[in-house]
Structures are given as C-alpha cells and as structure tokens.
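>
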Amino acid sequence: MSHVAVPKTYKLFVNGAFPRSESGRVYEVTTPKGVFLANAAKASRKDARDAIVAARAAVGGWAGATAYNRGQVLYRVAEVLEGRRAQFEDEIVRLEGVSAGAARAQVDEAIDRWVWYAGWTDKFAQVSGNANPVAGPYFNLSVPEPTGVVAVVAPQDSSLLGLVSAVAPALVAGNTVVVVASEAFPLSAITLAEVLATSDLPKGVVNVLTGSPAEIAPWLASHADVNALDLVGAAELEWIDLEIAAAETLKRVYPPESGPDAAAPSLARITAFTETKTVWHTKSLL
Amino acid sequence: MSFLEYAPAPESTAILDLKPEYGLFIGGEFVAAGGGSFRTISPATEKQIALIANADDADVDRAVAAARKAYDKTWSKLSGRDRGKYLFRIARLVQERARELAVAESLDNGKPIKESRDVDVPLVAAWFFYYAGWADKLDYAGLGANPRALGVAAQVIPWNFPLLMLAWKIAPALAAGNTVVLKPAETTPLTALLFAEILQQADLPAGVVNIITGAGETGRALVNHPDVNKVAFTGSTAVGREIARSTAGSGKKLTLELGGKAANIVFDDAPIDQAVEGIVNGIFFNQGHVCCAGSRLLVQENIHDDVVERLKSRLSTLRVGDPLDKNTDVGAINSAEQLARIRELSDVGEAEGAERWSPACDLPAEGFWFAPTIFTNVSTSHRIAREEIFGPVLSVLTFRTPAEAIAKANNTPYGLSAGIWSDKGSKILAVADKLRAGVVWANTFNRFDPASPFGGYKESGYGREGGRQGLAAYLKGSK
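Those sequence lines, one after another, are chains A and B. Residues 1 to 286 in full-length UniProt numbering are what the first sequence lists, from first letter to last. Residues 1 to 479 in full-length UniProt numbering are what the second sequence lists, from first letter to last.
Printed below as a string of structure tokens:
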C-alpha cells in the first residue's frame with residue numbers, strides 16, 4: 001500500500017491570507033543537489049505594496065494591545081511552532097541539505113528565541129524607559145513606543161532561525177512586519193506563516209514575501225509608509241542604495257549582519273525599532 | 001503712558017569684550033582660515049558685530065585631524081572621572097560668564113534678552129553639569145558594561161538656540177569620551193567662539209573640541225569627512241535627508257533632530273487662561289524659531305471663539321522690539337532669508353483663504369521683524385498647516401472629538417512634539433499615548449531639561465538628545 005503524497009503549494013502570506021503573487025510568477029526551489037522541491041511564489045512590487053498596506057492597517061491594533069496580550073500571543077506562536085517541529089525539521093533537511101540533528105538544533109533554537117522575545121513584551125519598557133528628574137514641578141516619563149511598519153530582509157543563509165531572529169524582536173514592541181524570506185530557503189518561511197496564522201496573531205501583523213530580495217527590497221526601502229528597514233540579511237544586496245532610498249522618508253535603518261552571530265538575541269534588536277516618547281505633565285504647587 | 005508703555009531698559013553691551021575678527025578654533029588655538037571671512041550681523045540693527053572665518057576643505061581636514069589626535073593621544077586615555085571634571089569646569093565657567101553670553105546671544109541671534117538670560121544660558125550650564133556627572137558612570141547608560149566612545153564626532157547646529165544647541169551636542173559627546181568638531185550656523189557663530197575662549201580658560205586639552213565656522217559647504221565637508229565616526233545634526237528636514245543619504249553605508253552613527261509642525265491641542269475642559277499662556281509660549285517663544293514650536297493650534301470647536309478672542313487680547317500686550325531690552329517679549333527674526341520665508345508662507349496662507357490677524361505694533365525701521373500673527377479658518381490642507389514656518393505664525397484649526405484631534409495632530413510627516421491642555425488626567429494620558437511625537441507637553445509647553453530626552457518620530461529625525469538616551473547616542477556597546 002502506498003500513499004501518493006499531497007504536496008503543498010507555497011504561496012505568500014499577506015494580511016492573514018495566503019495569496020499567490022499577483023504577478024502569477026513562481027520560482028523553482030530545489031535541494032542543494034538540484035532536486036525539485038516546490039514552486040515558490042515570486043513576489044512583485046504590487047505584492048510588496050499590498051503587504052505594506054496590510055501591515056500599516058494592523059499597527060493600531062497590535063501596538064495598542066496590552067504588553068501582556070502581545071506576550072501571550074507571541075508565546076502561543078512558540079507553542080504552535082513546537083507542535084509542528086517535525087515539519088520544519090523535514091523542510092530544513094531537504095532544503096539546506098543538513099543532517100537531522102542540525103535541523104533539530106535549528107528548530108530548538110528558533111523556538112527558544114521566540115519564547116525569549118515573547119517574555120520581553122512587558123519588560124523592555126521598564127528597562128529602556130525611565131523617569132526623568134527634571135528641575136521643576138513636572139512629572140516626566142520616557143517610554144519606548146513601536147516605530148510602526150518594519151520591513152525586513154531576512155538572513156539569507158538560514159531557513160527558520162534567521163527569519164525568527166529578525167521578525168520576533170520587531171514584534172515585541174508592537175511593530176508590524178513585512179519580511180522578505182531567504183531566497184534560497186523560502187519554504188520554512190511560509191510554514192512559519194501557517195503557524196502565525198493559527199496563533200491568534202492579528203492579520204497583517206506579519207506579512208511574508210518570497211522571491212528575489214534584490215527585486216523587492218528597493219520597493220520596501222522607498223515606500224513612504226514603511227517606518228524602519230532591517231537590512232540584517234541584505235549583505236549581498238546593494239544595501240547602501242537601499243539605505244539611501246530609505247533616507248527619503250528618514251526611515252530607521254538597521255545594517256546588515258553576517259556570520260553565525262547575525263541577529264543574535266538582544267535587547268538592542270527590540271529597541272532599534274522603538275521611539276522614545278517623553279511626556280511632561282505639570283504638578284500643582286500645593 | 002498706558003500700562004503697555006515702558007521706558008526702555010536695555011541690557012548694556014559693555015559687558016562684552018568682542019574682537020573685530022575671529023579665526024577658527026582648532027587644536028586649542030584660534031587660527032586663520034583658508035576660505036576668507038564673512039560678517040556676522042545683529043538682526044535687530046543689521047550692523048556688523050564681527051568678521052568670522054570661513055573654513056574651507058583644508059580647514060575641515062585640519063580640524064578633524066586635531067580631533068583625531070586628541071582622541072588617540074589624550075581624551076581616550078583620560079579616566080571618566082577626569083573627563084567629568086573638565087565638564088564641571090566648563091559648567092561653572094558658563095555660569096560665571098552667563099550675563100556676557102546672554103548679551104552676546106541676543107545681539108547675534110535677535111532673541112529677547114530675557115530668554116537668553118533666563119532660558120538659554122542657564123540650560124547651557126545645566127547641560128554641562130548633568131553630563132559631567134555621567135562621564136564616570138557610563139556602565140549605567142544602558143549599553144552593558146564598558147561601553148566605548150565612538151571617536152570623532154562631527155556636529156552641525158542651527159541658529160535658533162546657538163549656544164544651547166552647542167551644549168546639547170558637546171556635553172554628551174565629551175562625557176562619553178568622544179572628541180568634537182562643531183560647526184555653528186553661519187548667522188550665529190558668536191557665542192560658539194566665546195565658548196572656545198571658555199574652553200581655553202578650562203584648560204581643556206587641545207583638540208578635544210574644535211569649532212569651525214562657515215556655511216553649508218563647510219558643514220557638508222565636515223559630515224562627509226572620512227575620519228568622522230559620529231554625525232549629529234540639528235536643522236531642517238531637507239538637510240537631514242541629505243546627510244542620511246551621504247552617510248549611508250559609512251558606518252557613521254547618525255543623530256538627526258529635524259523639523260516639526262507640532263499640534264497644541266486645547267480641550268474644552270482645559271484651564272483656559274493657562275492654556276492661552278501656553279499657546280503664546282508655544283509659538284511666540286524665540287520668535288517661533290523653534291523646531292518643536294506649537295505652530296498648529298487644535299482647539300475644540302465649542303471654545304474656539306473664546307480662545308481666539310483671549311489670544312488676540314494677550315498678543316496685543318506682547319512687546320516686539322530691541323532684543324536687548326529687558327521688557328521685550330518678541331525679538332528680531334534671525335535673518336533676511338528667514339524673514340522672506342515667513343512672509344512668503346504667510347502670504348500663501350492668506351491666498352489660500354485663511355484669515356490673518358496681527359496686533360497693531362510698530363516695528364523698528366532697521367533689522368528683520370515680523371509681527372506675531374494668527375491665522376484662523378485654517379484647514380488641514382493649507383500650506384500653513386502643513387509646512388514648518390519657523391516664525392511667529394500660529395495656525396488655528398478646530399476639532400470636535402478627541403479622536404478627531406488625534407487624527408489631525410498626527411496628520412503630518414513630522415513627529416517632534418505636541419501639547420495637550422485639559423484638566424482631565426485620564427484624557428491627557430490617553431491622548432498622549434496616541435500622539436506620534438517624541439515630546440508631549442501636558443498643560444505646559446516648550447519645557448527643556450538636560451535629564452529629559454528630546455527628539456522626533458518619523459521625519460523629525462532619529463536619536464535623542466538629553467538624558468540617558470542622549471548619552472547612548474555617543475556610545476557603542478563593548479561586545
């Protein structure tokens with residue numbers, strides 16, 4: 001008795017749905033030895049714009065949710081990720097050509113990092129914000145707030161861990177994300193999108209584009225409704241041109257990183273996509 | 001003589017001991033520049049104050065080299081404690097020479113002496129005093145143990161608060177262990193050069209702070225110099241954008257404090273008399289030459305007429321004139337160029353259908369002046385509601401609900417500051433949460449303190465000045 005497998009169609013993840021690229025384009029994803037695995041959607045400029053519109057619309061709800069609520073939703077993502085670990089391991093082995101042990105280790109670390117960031121939602125403001133002892137009768141408090149829509153070029157040399165390491169910290173403060181997945185290893189990105197879609201994460205909070213980062217990133221960098229640009233995985237692109245394009249609307253830009261420590265877990269990755277708001281309030285003179 | 005007429009009470013300029021000509025301050029000494037010189041004038045009289053050196057590319061090179069040498073050989077080897085003591089010395093010298101600095105500032109900038117004397121200069125001293133204490137406590141700046149200085153900082157500052165902006169830039173840079181090349185604005189270089197004399201009195205090691213004067217070209221050469229590690233700029237969004245482009249990929253850490261179009265929101269449950277004072281302070285302080293000025297008044301519709309009437313009555317008591325007169329409320333516009341821009345945008349406001357009003361006031365014949373002006377019947381699409389005028393011009397808009405106030409306040413590419421007036425604390429906190437602005441003043445406006453971070457969201461720039469956050473802008477983690 002044999003079962004003929006039902007392979008998955010890997011599509012984009014935009015506004016909580018899984019559309020094909022509006023361009024109708026796909027590109028072939030293979031194993032390192034060239035064996036066909038899937039046709040992934042090849043996102044276009046229009047797909048990028050749709051994703052930004054969805055991300056912008058989602059900012060109010062996600063940023064406005066309580067930190068406790070964001071933490072619970074993000075922790076839920078880790079739970080669902082854990083439940084689907086076999087699928088991720090299988091995809092990583094086939095796509096990256098690594099051993100089962102290496103794939104398992106990558107998934108372990110991705111889950112643990114996600115949990116680490118989930119726990120930061122209701123703490124980072126206590127660490128990076130503060131009361132200010134100004135010389136006058138004022139209550140004065142500085143708090144970090146989300147920057148808004150963050151466009152991310154995910155690390156290109158990793159299926160899942162790089163993606164998680166770039167997306168999770170941006171979500172902590174209440175930003176929404178448009179992420180361009182690894183071009184060579186896009187399958188885990190779409191499977192992660194399935195996890196996000198079933199974890200109570202509101203639609204539009206994370207949008208995943210697959211395809212050519214070199215083609216998509218310039219549209220993200222120049223789009224006026226993007227507030228910040230994380231170029232962590234853009235080392236091989238013309239990233240200085242991206243930074244120049246981002247200057248037009250003074251986007252916050254986080255530079256490329258490479259090597260095994262790229263996008264290592266840090267508080268700095270959370271605060272990079274926050275704005276310090278300082279509120280002064282008068283105190284009456286009793 | 002009505003209650004508004006005062007006998008003139010001019011602050012004496014005898015306290016000043018100005019030179020007819022100033023060189024560049026490089027390596028601890030005043031030196032001649034390669035680019036010739038230009039005049040700095042008093043905007044109140046258009047009379048020349050002094051000749052100022054114009055730094056060319058070679059001068060910029062020399063200044064950066066002096067800063068690099070001082071960083072490598074002296075400043076980076078000094079302990080935080082000792083760096084701090086130099087900053088404390090500077091704070092004290094500023095206090096000692098406070099009156100002189102205030103008079104020089106009002107003379108060169110055109111701002112009323114009561115503002116330079118009571119706001120600018122005391123804050124300059126406070127800024128150095130605050131950051132002096134940070135110099136030996138960098139481990140607590142939020143970057144982990146042993147954070148490191150960046151190296152040579154290039155700093156370019158505007159003309160609206162010349163000496164205060166210098167303090168905002170130099171104090172945290174030195175506390176963090178960097179050395180500095182600073183360029184003041186071409187219309188207001190005077191107090192920076194007096195400050196250089198203070199550095200000599202403080203015996204600050206040569207080259208730790210270098211001050212070069214010149215116009216946009218000099219600033220461009222400075223921020224694009226390859227041996228600079230940090231760029232800090234305060235000024236227009238257009239120039240900020242140019243700097244962000246030209247430093248892209250350079251690895252230079254960048255702080256930009258740019259333009260604004262702040263909403264000052266007045267709810268119908270606000271203490272109206274206080275609010276009127278706050279509105280006046282918000283837009284007419286420093287002739288409106290303030291990036292965080294409350295230039296868009298959003299007033300709840302049901303109290304609009306009352307508020308505008310009281311505003312007009314209050315404006316009629318403002319005294320416009322000699323910046324050095326201790327009674328003056330509104331001084332001179334800083335330059336002919338800025339005056340032309342304020343006039344142009346105000347004319348556009350009228351042409352687009354807004355209603356213009358100014359109190360009757362006699363403006364001096366010489367110098368650059370613009371009467372305090374209010375526009376009513378302004379809609380959100382008018383240029384005077386969207387563009388930074390940087391002058392004593394207030395645009396009044398109305399709203400009905402808090403949600404509408406928030407939407408209108410946030411309807412701008414800028415995000416530097418905002419004001420909220422209400423007696424209801426819960427409403428203030430809820431509105432403050434939703435405003436996309438880096439500084440929110442509730443039942444007050446235009447308050448500044450070295451302990452309080454200042455800086456914008458969106459196209460008002462990035463990075464913060466003031467507080468622990470302002471220190472971190474000049475440091476990197478040790479890992």
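We put the CB at the ideal spot given by N, CA and C, even for glycine.
DSSP three-state call for Trp134/B: helix, strand or coil?
Walking along the second sequence from the start, residue 134/B turns up at place 134. The answer is helix: DSSP assigns Trp134/B an H, G or I state.
> Who are the near neighbours of Asp227/B in its chain, counting only those whose CB is closer than 8 Å to its CB and skipping five residues on each side?
Sequence index remark: in the second sequence, residue 227/B carries index 227 (1-based). Cβ within range, chain order: Val64, Ala65, Arg68 and Val152.
> Is the beta carbon of residue 480/B less than 8 Å from the beta carbon of Gly235/B?
Given that chain B is displayed from residue 1 to residue 479, the structure contains no residue 480/B and the question cannot be resolved.
> Kindly list the residues whose CB is nearer than 7 Å to the CB of Leu138/B, restricted to its own chain and excluding five residues on each side of it in sequence; keep chain order.
Your numbering for residue 138/B matches position 138 in the second sequence. So the qualifying residues of the chain are Gly80, Pro147, Ala176 and Leu475.
> Between His281/A and chain B, is any beta-carbon pair separated by less than 8 Å?
Here residue 281/A refers to the residue found at position 281 when the first sequence is read from its first residue. Closer than 8 Å to some Cβ of chain B, the Cβ of His281/A qualifies, so yes.
> Of the choices Ala228/A, Leu141/A, Glu22/A and Leu220/A, whose alpha-carbon is the least far from that of Leu429/B?
For the purposes of this step, residue 429/B is taken as residue 429 along the second sequence, with counting starting at 1. Measuring from the Cα of Leu429/B, the nearest candidate turns out to be Leu141/A.
> What residues from chain A crowd round Ile428/B, counting only those whose CB sits closer than 8 Å?
One-based indexing of the second sequence puts residue 428/B at position 428. Within chain A, the residues near Ile428/B are His281.
> In the DSSP assignment, what residue or residues form a beta bridge with Leu229/A?
As a working mapping, residue 229/A is identified with position 229 in the first sequence. For Leu229/A, which the question treats as bridged, DSSP gives the partners Ala151/A and Val253/A.
> Quick check: what's the CA-CA separation for Ala118/A versus Arg70/A?
One-based indexing of the first sequence puts residue 118/A at position 118. One-based indexing of the first sequence puts residue 70/A at position 70. So the two alpha carbons sit approximately 8 Å from each other.
> Report the partner residues of Asn264/B according to the DSSP bridge assignment.
Here the question's residue 264/B lines up with position 264 in the second sequence. Asn264/B is bridged to Leu297/B and Gly419/B.
> Ignoring anything shorter than 3 residues, give me the beta strand (DSSP E) runs that lie fully in the segment 325 to 358 of chain B, in order along the chain.
For the segment 325 to 358 of chain B, whole beta strand (DSSP E) runs of length 3 or above, ordered along the chain, are 355 to 357.
> Quick one: which unbroken beta strand (DSSP E) runs of 3-plus residues sit fully inside the segment 353 to 403 of chain B? Chain order, please.
Those beta strand (DSSP E) runs which fall completely within the segment 353 to 403 of chain B and span 3+ residues are 355 to 357, 373 to 376 and 393 to 399.
> Within 8 Å of any Cβ in chain A, is that where the Cβ of Met1/B sits?
Within the second sequence, numbered from 1, the residue matching residue 1/B stands at position 1. Annotation note: pLDDT 48 at Met1/B (below 50); position unreliable, coordinate value reported separately. Chain A, which has no Cβ nearer than 8 Å to the Cβ of Met1/B, makes this no.
> Please state whether DSSP places Glu248/A in a helix, a strand or coil.
In the first sequence, residue 248/A corresponds to position 248, counting from 1. DSSP places Glu248/A in coil when its eight states are reduced to three.
> What do you get for residue 320/A, buried or exposed, if any count of 16 or more other CB atoms within 10 angstroms of its CB means buried?
In the structure as shown, chain A starts at 1 and stops at 286, and residue 320/A therefore has no counterpart that could be examined.
> Tell me where the alpha helix (DSSP H) around Ala221/B begins and ends.
Within the second sequence, residue 221/B is the residue found at index 221, counting from 1. Unbroken alpha helix (DSSP H) run through Ala221/B: Gly216 to Val223.
> Since Val206/A and Val179/A are thought to touch, with beta carbons under 8 Å apart, how far apart are those beta carbons, to the nearest angstrom?
Sequence index remark: in the first sequence, residue 206/A carries index 206 (1-based). Sequence index remark: in the first sequence, residue 179/A carries index 179 (1-based). Contact holds; Cβ gap of about 7 Å.
> Taking Gln469/B as the query, report the chain A residues whose CB atoms sit under 8 Å from its CB, ordered along the chain.
The residue you call residue 469/B lines up with position 469 of the second sequence. Neighbours of Gln469/B on chain A, chain order: Ser142 and Thr276.
> Please determine if the segment 222 to 238 of chain A and the segment 186 to 199 of chain A are in contact, where contact requires at least 3 C-beta pairs separated by less than 8 Å.
Because the criterion of three Cβ pairs below 8 Å is not met, the segment 222 to 238 of chain A and the segment 186 to 199 of chain A do not touch.
> If contacts are defined as beta-carbon pairs under 8 Å, then Leu182/B and Leu163/B qualify, I think. What distance do you get, rounded to the angstrom?
Counted from its first residue, the second sequence places residue 182/B at position 182. Counted from its first residue, the second sequence places residue 163/B at position 163. Contact doesn't hold; Cβ gap of about 11 Å is too wide.
> Counting only Cβ pairs nearer than 7 Å, list the residues of chain A close to Trp441/B.
Taking the first residue of the second sequence as position 1, residue 441/B is located at position 441. Simply Trp280.
> Does the beta-carbon of Val6/A have 16 or more other beta-carbons within 10 angstroms, so that it is buried, or is it exposed?
Here residue 6/A refers to the residue found at position 6 of the first sequence. By the neighbour-count rule (16 or more Cβ atoms within 10 Å), Val6/A is not buried but exposed.
> For Asn130/A, return the contacting residues in chain B, with the cut-off set at a CB-CB distance below 7 Å.
Start at 1 with the first residue of the first sequence, and residue 130/A comes out as number 130. By Cβ distance, chain B contributes Arg468.
> Consider the Cβ of Glu459/B: report whether some Cβ of chain A lies at a distance smaller than 8 Å.
Numbered from its first residue, the second sequence carries residue 459/B at position 459. Yes, its Cβ sits closer than 8 Å to a Cβ of chain A.
> Is the segment 107 to 122 of chain A close to the segment 164 to 174 of chain A, with three or more CB pairs under 8 Å?
Yes, since at least three Cβ pairs between the segment 107 to 122 of chain A and the segment 164 to 174 of chain A fall closer than 8 Å, the two stretches touch.
> Relative to chain B, which residues along the segment 240 to 263 of chain A have a C-beta separation below 7 Å, given in chain order?
The segment 240 to 263 of chain A vs chain B, Cβ under 7 Å: Ile240, Glu243, Ile244, Ala247, Glu248, Thr249, Leu250 and Arg252.
> Would you verify that the beta carbon of Val172/A is, or is not, closer than 8 Å to some beta carbon of chain D?
Protein chains A and B are contained in the structure displayed, whereas chain D is not.
> Grab the span of the alpha helix (DSSP H) containing Leu315/B for me, first residue to last.
By one-based count along the second sequence, residue 315/B stands at place 315. Where Leu315/B is concerned, the enclosing alpha helix (DSSP H) stretches over His304 to Leu315.
> Among His382/B, Asp17/B and Leu339/B, which one has its Cα closest to the Cα of Thr412/B?
To locate residue 412/B, count along the second sequence from 1; it is residue 412. Comparing Cα positions, the closest option is His382/B.
> By Cβ distance, which residues of its chain are closer than 7 Å to Gly282/B, with the 5 residues on each side in sequence left out?
The sequence position of residue 282/B within the second sequence is 282, counting from 1. Asn264, Ala293, Gly294, Gly419, Phe445 and Asn446, listed in sequence order.
> Does DSSP put Tyr71/B in a helix, in a strand, or in coil?
Along the second sequence, read from residue 1 onward, the residue named residue 71/B stands at position 71. It is helical.
> Count the other C-beta atoms from every protein chain shown that fall within 10 angstroms of the C-beta of Val127/A, then say buried if there are 16 or more, exposed otherwise.
Your numbering for residue 127/A matches position 127 in the first sequence. The residue is exposed, with fewer than 16 neighbouring Cβ atoms inside 10 Å.
> Report the three-state DSSP secondary structure of Gly240/B (helix, strand or coil).
Position 240 of the second sequence, counting from 1, holds the residue named residue 240/B. Gly240/B: helix per DSSP, three-state reduction.
> Quick check: is the beta carbon of Ser379/B nearer than 8 Å to any beta carbon in chain A?
Position 379 of the second sequence, counted from the first residue, corresponds to residue 379/B. False, the Cβ-Cβ gap to chain A never drops below 8 Å.
> Can you tell me which of Glu21/B, Val208/B, Trp134/B and Asp120/B puts its alpha carbon nearest to the alpha carbon of Asp72/B?
The count along the second sequence starts at 1 and reaches residue 72/B at position 72. Minimum Cα distance to Asp72/B is reached at Val208/B.
> State buried or exposed for Asp305/B, treating a residue as buried only when at least 16 other CB atoms are found within 10 Å of its CB.
Start at 1 with the first residue of the second sequence, and residue 305/B comes out as number 305. Counting Cβ neighbours within 10 Å, Asp305/B comes out exposed, since fewer than 16 surround it.
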